[in-house]
Amino acid sequence: MYIPLKSIFNSLFGTIENSTWEVIVTDYRLPKAITAILVGSGLGISGLLMQTLFRNPLAGPFVLGISSGASLGVALVILGSGLFGSLLATALISKWSIVIASSLGSFLVLLAVLAVSSKVRDTMAILIIGLMFGSITAAVVSVLSYFSSAEQLQQYIFWGFGSLSNLSWAELTLFFGIYLLGIILSIASIKGLNGLLLGDHYAKSLGLNLKQSRLVLILATSLIAGTITAFAGPIAFIGLAIPHLTRQIFKTSNHKILLPAVFLFGALVMLVCDSIAQLPGSDYTLPINAITALVGAPVVIWLLVRQRKMMF
Amino acid sequence: MNSENNNTILKAEQLSIGYKTKKADTIIASKINFELIKGQLIGLVGGNGIGKSTLLRTLIKLQPALSGSVLLNGQPLENISNLELAKQLSIVLTEPLSSKNLRVSELVALGRHPYTNWIGNTTKNDKTIISNAIDLVNITTLKDKWCYELSDGQLQKVMLARALAQDTDIIILDEPTTHLDMYHKAYILKLLQKLTKETGKTILFSSHEIDLAIQLCDHMIVMTDDKVIYNTPCNLISNGVFDTLFPKDLIAFDNSTGSFRVNK
């Protein structure tokens, strides 16, 4: 629906002229814009943390298996609900049950990753274990979908498209609270992240408590990425690409600059993607997950081709 | 400790090094004794796979000793926290940097980490120490370059400057001369010698450049198959230690020139 710019400001700042428009702006569009900012900046930052921690430009919340965990939780609820009988099914598939299932899923995968990371010294191994978690999840999901009805499958696929809308203010408040906790942990890790740029051994020789830093970083990532996936679905690409784009543009790996830059850039890109997904002037809304990749991937390819090398 | 040992920075007592597994300990070398003295350059030499890196890893607390003890400034290594250790001991390793997307000055500044606040801001004092470190290794012209633009030799100097900026009593380098040409090998080791004289720091490095080490070091640690010997290069030569370093079928140590010769 088209609302004139002037009316949008009026609705935001209290002069009521059209109550329908006001409801749309304050209860739908504003929460959606805030969600976009949180999702974009959060995924970007968790990607940055993972890339530095795992010293791998391919790392991101997805590779670590956090998002796969969330997907598994959601798949179990939506696709597995048939197993509980149709009576329970309707009760189970509410919005909150999806949020809880996906948080629980990512949290469990996080616990597994944490348990592994305290045993395995090699960060590369942790990364591969994260990928294996992803494969297991994908397998379980395909087994589940084989036994599911078309309707359930559709619902699961729609969740997989990702969505920034439909968040009430209450949900948004909870979302923001957990997100903030993760961001605070990230800011507190800036110095350690810069130390990690030299490698684990150097970082340790600079007085860094490696085990503790790793734990804090993984915790921050799973808090941020876990809640984002819970509330907005598995949004691909942003977590991987935003840190790269920011490094290319700001030409530094210093996290004191990178972290705020990734925050702003992630939020910006997500807002732009959301605007495109909205197809301004039309009544259609495209899946956000497709837009982030469609818009973003060519940009990353273009930047890498132009610079001829990946800066890390 | 005796009063005469006041200048001892790092001391190994009946040290055994190796790897612990659940079944058994793999001992790589044992009965290692030495006392590294303030302001000296010490070279660690020995054949491939003899355990030089394992010894260095034990000394910098990357792996525990099997038995015996390592004392840094009179304190057992295992009682020193990571942060406290970072203020007394700095390292230069052979492993590549995770990220080279940093300016040289930024990289050197990372050496101030143990002293900076929670977010890593450098104070005026930190900046003076950083620029001193940069001057000491003659990399002032490289200051604003990116680390990925540097040659191996330049990067080695930058890493050395970073260790200097950490302002520690001792710097330990693992094979600082690998991948360098003959000139830069001599240059780096000569630089290390100069640094020990000018800054009073103790520098321990492992190397395969035995000839150079003999000429430049105050003391040397020689690792052979059955023992680890610590002495001055002159005494080591006159005791014939270098003769035992390698199998004699191919190369032999020439006492008069202090270098190895290929058997013809």
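Top to bottom, those sequences are chains A and B. Following our numbering, the residues of the first sequence are numbered contiguously, the last one being 931. Following our numbering, the residues of the second sequence are numbered contiguously, the last one being 270. Here a beta-carbon is modelled for each residue, glycine too, at the ideal position from N, C-alpha and C. Being a predicted model, the structure only gives us computed values, none of them experimental.
Membership of Ser137 (chain B) in the alpha helix (DSSP H) is indicated by the continuous run Lys130 to Leu142.
DSSP lists B:Leu78 as the bridge partner or partners of Gln81 (chain B).
Excluding its 5 nearest sequence neighbours in each direction, Thr202 (chain B) has C-beta neighbours in its own chain below 8 Å: Gly45, Gln46, Leu47, Thr208, Ile209 and Asp224, listed in chain order. Going by DSSP, Asp819 (chain A) is part of no beta strand (DSSP E) but of the alpha helix (DSSP H) stretching over Asp819 to Ser824.
Beta bridge pairing from DSSP links Val98 (chain B) with B:Leu179. Counting C-beta pairs closer than 8 Å gives three or more between the region 907 to 917 of chain A and the region 885 to 897 of chain A, which meets the contact rule. Shown here, Leu922 (chain A) sits in a helix according to DSSP, grouped into three states.
Neighbours of Glu112 (chain B) across chain A, judged by C-beta separation under 7 Å: Asn873. Note on Ala758 (chain A): under 16 other CB atoms within 10 angstroms of its CB, so exposed under the neighbour-count rule.
In this structure, Gly826 (chain A) lies away from Ser660 (chain A), with their beta-carbon atoms at least 8 Å apart. Straight-line spacing of the CA atoms in Gly74 (chain B) and Leu83 (chain B) works out to 11 Å. In the assembly as shown, Asn127 (chain B) is an exposed residue. Its beta-carbon has fewer than 16 other beta-carbons within 10 Å. Classified as buried, Lys823 (chain A) has 16 or more neighbouring CB atoms from the shown chains inside 10 Å of its CB.
With contacts defined by Cβ atoms closer than 8 Å, Leu791 (chain A) and Thr671 (chain A) do not form a contacting pair. Assignment of beta-bridge partners to Ser22 (chain B) by DSSP yields B:Ser73. In this structure, Gly724 (chain A) sits away from Gly858 (chain A), with a CB-CB distance that is not shorter than 8 Å.
DSSP links Lys58 (chain B) through a beta bridge to no other residue. Under the three-state reduction of DSSP, His225 (chain B) is assigned to strand.
Residue range Leu649 to Leu672 is occupied by the alpha helix (DSSP H) that includes Thr671 (chain A).
Residues of chain B whose Cβ lies closer than 8 Å to the Cβ of Leu825 (chain A) are, in chain order, Ala92, Leu116, Gly117, His119, Pro120 and Gln172.
In the DSSP assignment, the residues bridged to Trp152 (chain B) are B:Arg109. With contact defined as three or more Cβ pairs closer than 8 Å, the region 867 to 877 of chain A and the region 639 to 659 of chain A are not in contact. Between Val98 (chain B) and Pro182 (chain B) a beta carbon distance of about 6 Å is seen, short of the 8 Å cut, so the two are scored as contacting. Contact with chain B is absent for Tyr765 (chain A), since none of that chain's Cβ atoms lies less than 8 Å from the residue's Cβ.
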